[in-house]
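In case it helps, full-length UniProt numbering puts the sequence shown at residues 1 to 219. Okay, structure first, notes after.
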Amino acid sequence: MATDVQSADAQPVIDEEQYYHDAQLGALWTASRTLIPVVAATFGGIYFAYFYLRSLNSNGLWDPHGQTASKILGLSILLLVVAGTSLQLFASRRLRRGFSTDFIVGTATNALLLLIATGLQIWELTRLPFPPAASGYAGVFIAFAPINALCIGLSAYWVFTLMMRAIRSYNFYRPEGGIGVSAHRAAENFRANLDGFGAYGIFFMLLSILSWYLFYVLH
1 MATDVQSADA QPVIDEEQYY HDAQLGALWT ASRTLIPVVA ATFGGIYFAY
51 FYLRSLNSNG LWDPHGQTAS KILGLSILLL VVAGTSLQLF ASRRLRRGFS
101 TDFIVGTATN ALLLLIATGL QIWELTRLPF PPAASGYAGV FIAFAPINAL
151 CIGLSAYWVF TLMMRAIRSY NFYRPEGGIG VSAHRAAENF RANLDGFGAY
201 GIFFMLLSIL SWYLFYVLH
(Lines of atoms letter the chains of each structure in order from A and count residues from 1; the text may use other names and numbers.)
(Lines give C-alpha, C1' and ligand atoms only; values in the text may rest on other atoms or scores of the structure.)
Protein backbone atom coordinates (compact mmCIF):
# COMPACT_ATOMS: atom_id res chain seq x y z
CA MET A 1 0.00 0.00 0.00
CA ALA A 2 2.80 2.41 0.89
CA THR A 3 4.53 1.60 -2.37
CA ASP A 4 1.37 2.41 -4.33
CA VAL A 5 1.08 5.80 -2.59
CA GLN A 6 4.71 6.63 -3.32
CA SER A 7 4.26 5.68 -6.97
CA ALA A 8 1.19 7.88 -7.26
CA ASP A 9 3.00 10.85 -5.71
CA ALA A 10 6.18 10.40 -7.76
CA GLN A 11 6.86 13.19 -10.27
CA PRO A 12 7.69 12.33 -13.88
CA VAL A 13 11.38 12.39 -14.68
CA ILE A 14 12.36 15.36 -16.88
CA ASP A 15 15.17 14.96 -19.37
CA GLU A 16 16.94 18.27 -18.85
CA GLU A 17 19.07 17.93 -21.96
CA GLN A 18 15.99 17.33 -24.11
CA TYR A 19 14.21 20.21 -22.39
CA TYR A 20 16.99 22.67 -23.18
CA HIS A 21 17.30 21.27 -26.68
CA ASP A 22 13.62 21.88 -27.35
CA ALA A 23 14.03 25.38 -25.93
CA GLN A 24 16.90 26.05 -28.32
CA LEU A 25 14.85 24.85 -31.27
CA GLY A 26 12.00 27.12 -30.21
CA ALA A 27 14.35 30.07 -29.82
CA LEU A 28 15.84 29.53 -33.27
CA TRP A 29 12.38 29.28 -34.82
CA THR A 30 11.14 32.42 -33.05
CA ALA A 31 14.24 34.52 -33.75
CA SER A 32 14.33 33.76 -37.47
CA ARG A 33 10.60 34.39 -37.93
CA THR A 34 10.72 37.56 -35.83
CA LEU A 35 13.32 38.94 -38.21
CA ILE A 36 10.74 38.90 -41.00
CA PRO A 37 8.32 41.44 -39.45
CA VAL A 38 11.27 43.58 -38.29
CA VAL A 39 12.61 43.87 -41.84
CA ALA A 40 9.07 44.26 -43.19
CA ALA A 41 8.44 47.18 -40.81
CA THR A 42 11.72 48.84 -41.86
CA PHE A 43 10.95 48.62 -45.55
CA GLY A 44 7.31 49.41 -44.85
CA GLY A 45 8.34 52.84 -43.56
CA ILE A 46 10.31 53.45 -46.78
CA TYR A 47 7.40 52.29 -48.93
CA PHE A 48 5.03 54.57 -47.02
CA ALA A 49 7.28 57.57 -47.69
CA TYR A 50 7.56 56.48 -51.33
CA PHE A 51 3.83 56.34 -51.97
CA TYR A 52 3.05 59.38 -49.84
CA LEU A 53 5.55 61.64 -51.60
CA ARG A 54 4.71 60.21 -55.00
CA SER A 55 0.99 60.79 -54.57
CA LEU A 56 1.51 64.25 -53.01
CA ASN A 57 4.03 65.36 -55.65
CA SER A 58 4.19 68.93 -54.34
CA ASN A 59 5.02 71.32 -57.20
CA GLY A 60 6.08 68.39 -59.32
CA LEU A 61 9.11 67.71 -57.12
CA TRP A 62 8.72 63.94 -56.96
CA ASP A 63 10.89 63.40 -60.06
CA PRO A 64 11.09 66.70 -61.95
CA HIS A 65 14.05 65.81 -64.17
CA GLY A 66 13.36 62.13 -64.72
CA GLN A 67 16.64 61.16 -63.11
CA THR A 68 16.45 57.71 -61.58
CA ALA A 69 18.91 55.09 -60.41
CA SER A 70 20.54 52.78 -62.94
CA LYS A 71 18.06 50.17 -64.17
CA ILE A 72 20.91 47.86 -65.17
CA LEU A 73 22.41 47.86 -61.69
CA GLY A 74 18.98 47.48 -60.10
CA LEU A 75 18.16 44.46 -62.26
CA SER A 76 21.61 42.97 -61.62
CA ILE A 77 21.15 43.23 -57.85
CA LEU A 78 17.72 41.64 -58.06
CA LEU A 79 18.91 38.75 -60.23
CA LEU A 80 21.80 38.05 -57.86
CA VAL A 81 19.45 37.92 -54.86
CA VAL A 82 16.89 35.73 -56.66
CA ALA A 83 19.56 33.39 -58.05
CA GLY A 84 21.30 33.09 -54.68
CA THR A 85 18.07 32.39 -52.80
CA SER A 86 16.90 29.82 -55.34
CA LEU A 87 20.27 28.09 -55.21
CA GLN A 88 20.18 28.07 -51.41
CA LEU A 89 16.76 26.44 -51.34
CA PHE A 90 17.95 23.78 -53.77
CA ALA A 91 21.12 23.20 -51.74
CA SER A 92 19.05 22.82 -48.56
CA ARG A 93 16.94 20.12 -50.20
CA ARG A 94 20.10 18.30 -51.26
CA LEU A 95 21.41 18.50 -47.70
CA ARG A 96 18.32 16.78 -46.34
CA ARG A 97 18.97 13.95 -48.77
CA GLY A 98 22.46 13.48 -47.38
CA PHE A 99 24.45 15.45 -49.95
CA SER A 100 26.47 17.68 -47.66
CA THR A 101 29.04 18.59 -50.31
CA ASP A 102 26.32 19.93 -52.61
CA PHE A 103 25.04 22.06 -49.77
CA ILE A 104 28.47 23.50 -49.00
CA VAL A 105 29.11 24.38 -52.64
CA GLY A 106 25.64 25.86 -53.12
CA THR A 107 25.82 27.88 -49.92
CA ALA A 108 29.29 29.20 -50.79
CA THR A 109 27.98 30.29 -54.18
CA ASN A 110 24.99 31.99 -52.58
CA ALA A 111 27.22 33.86 -50.14
CA LEU A 112 29.38 35.06 -53.05
CA LEU A 113 26.34 36.20 -55.05
CA LEU A 114 24.97 38.10 -52.07
CA LEU A 115 28.33 39.76 -51.44
CA ILE A 116 28.47 40.89 -55.06
CA ALA A 117 24.91 42.23 -54.79
CA THR A 118 25.90 44.13 -51.63
CA GLY A 119 28.90 45.62 -53.40
CA LEU A 120 26.82 46.68 -56.40
CA GLN A 121 24.25 48.35 -54.17
CA ILE A 122 26.96 50.29 -52.34
CA TRP A 123 28.74 51.16 -55.58
CA GLU A 124 25.48 52.44 -57.03
CA LEU A 125 25.32 55.03 -54.26
CA THR A 126 28.61 56.50 -55.52
CA ARG A 127 27.38 57.03 -59.08
CA LEU A 128 23.84 58.31 -58.73
CA PRO A 129 22.84 60.95 -61.31
CA PHE A 130 21.21 63.09 -58.60
CA PRO A 131 22.15 64.51 -55.18
CA PRO A 132 20.28 63.23 -52.09
CA ALA A 133 17.83 66.16 -51.89
CA ALA A 134 17.25 66.64 -55.62
CA SER A 135 13.69 65.27 -55.53
CA GLY A 136 11.27 63.21 -53.52
CA TYR A 137 12.35 60.08 -55.38
CA ALA A 138 16.01 60.85 -54.71
CA GLY A 139 15.42 61.26 -50.97
CA VAL A 140 13.50 58.00 -50.65
CA PHE A 141 16.04 56.08 -52.75
CA ILE A 142 18.91 57.36 -50.60
CA ALA A 143 17.05 55.92 -47.58
CA PHE A 144 16.32 52.64 -49.34
CA ALA A 145 19.69 51.75 -50.86
CA PRO A 146 21.85 51.59 -47.66
CA ILE A 147 19.22 49.57 -45.82
CA ASN A 148 18.91 47.18 -48.74
CA ALA A 149 22.70 46.79 -48.88
CA LEU A 150 22.79 46.11 -45.14
CA CYS A 151 20.08 43.43 -45.36
CA ILE A 152 21.77 41.69 -48.28
CA GLY A 153 25.13 41.81 -46.51
CA LEU A 154 23.68 40.34 -43.33
CA SER A 155 22.06 37.58 -45.38
CA ALA A 156 25.47 36.80 -46.85
CA TYR A 157 26.93 36.60 -43.34
CA TRP A 158 24.11 34.31 -42.20
CA VAL A 159 24.64 31.79 -45.01
CA PHE A 160 28.40 32.02 -44.54
CA THR A 161 28.03 30.89 -40.91
CA LEU A 162 25.83 28.01 -42.05
CA MET A 163 28.44 26.99 -44.60
CA MET A 164 31.25 27.08 -42.06
CA ARG A 165 29.28 24.97 -39.57
CA ALA A 166 28.61 22.41 -42.29
CA ILE A 167 32.31 22.31 -43.20
CA ARG A 168 33.53 21.98 -39.60
CA SER A 169 31.11 19.17 -38.83
CA TYR A 170 31.45 17.37 -42.17
CA ASN A 171 33.53 14.44 -40.92
CA PHE A 172 31.72 14.22 -37.58
CA TYR A 173 28.29 13.59 -39.14
CA ARG A 174 29.47 11.57 -42.14
CA PRO A 175 28.86 8.16 -40.46
CA GLU A 176 25.22 9.20 -39.84
CA GLY A 177 24.63 10.34 -43.42
CA GLY A 178 25.55 13.99 -42.97
CA ILE A 179 24.31 16.90 -40.92
CA GLY A 180 21.15 17.07 -42.99
CA VAL A 181 19.85 13.69 -41.78
CA SER A 182 21.66 13.11 -38.48
CA ALA A 183 19.53 12.69 -35.36
CA HIS A 184 22.17 14.45 -33.24
CA ARG A 185 20.77 17.42 -31.33
CA ALA A 186 23.36 19.82 -32.72
CA ALA A 187 22.38 18.73 -36.22
CA GLU A 188 18.73 19.43 -35.43
CA ASN A 189 19.70 22.91 -34.24
CA PHE A 190 21.59 23.46 -37.47
CA ARG A 191 18.59 22.43 -39.56
CA ALA A 192 16.30 24.69 -37.54
CA ASN A 193 18.67 27.59 -38.25
CA LEU A 194 18.73 26.64 -41.92
CA ASP A 195 14.93 26.47 -42.08
CA GLY A 196 14.81 29.91 -40.52
CA PHE A 197 17.02 31.32 -43.24
CA GLY A 198 14.90 29.56 -45.86
CA ALA A 199 11.76 31.32 -44.64
CA TYR A 200 13.55 34.66 -44.39
CA GLY A 201 15.25 34.20 -47.76
CA ILE A 202 11.94 33.65 -49.57
CA PHE A 203 10.45 36.70 -47.85
CA PHE A 204 13.43 38.92 -48.70
CA MET A 205 13.44 37.71 -52.30
CA LEU A 206 9.81 38.78 -52.70
CA LEU A 207 10.64 42.06 -50.97
CA SER A 208 13.52 42.62 -53.39
CA ILE A 209 11.22 42.09 -56.37
CA LEU A 210 8.81 44.69 -54.99
CA SER A 211 11.63 47.15 -54.28
CA TRP A 212 13.04 46.70 -57.77
CA TYR A 213 9.66 47.39 -59.34
CA LEU A 214 9.07 50.51 -57.26
CA PHE A 215 12.49 52.13 -57.50
CA TYR A 216 13.65 51.02 -60.93
CA VAL A 217 10.51 50.45 -62.99
CA LEU A 218 7.58 52.43 -61.58
CA HIS A 219 9.41 55.33 -59.86
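Think of the CB as a built atom: it goes at the ideal place given N, C-alpha and C, for glycine as much as any other residue. Since the structure is predicted, the reported quantities are computational estimates derived from the model, not experimental observations.
| Check | Outcome |
| --- | --- |
| Rounded straight-line distance, which links the Cα of L214 to that of F51 | 9 Å |
| Neighbour-count burial assignment, F172, 16 or more Cβ in a 10 Å radius | exposed |
| Segments assigned alpha helix (DSSP H), at least 4 residues, entirely inside the segment 129-192 | 136-168 and 170-173 |
| Identity of the residue in A69, G196 and I46 nearest L128 by Cα | A69 |
| Limits of the alpha helix (DSSP H) - the one that V217 falls within | Segment: none, V217 is in no alpha helix (DSSP H) and carries neither H nor E. |
| DSSP state of F99 mapped onto helix, strand, coil | coil |
| R127 (DSSP reduced to helix, strand or coil) | coil |
| Separation of T126 from A132, as counted between CA atoms | Reading off the sequence shown, one finds Pro at residue 132, where the question assumed Ala. Those two C-alpha atoms are separated by around 11 Å. |
| Buried/exposed call for S55, threshold 16 Cβ in 10 Å | exposed |
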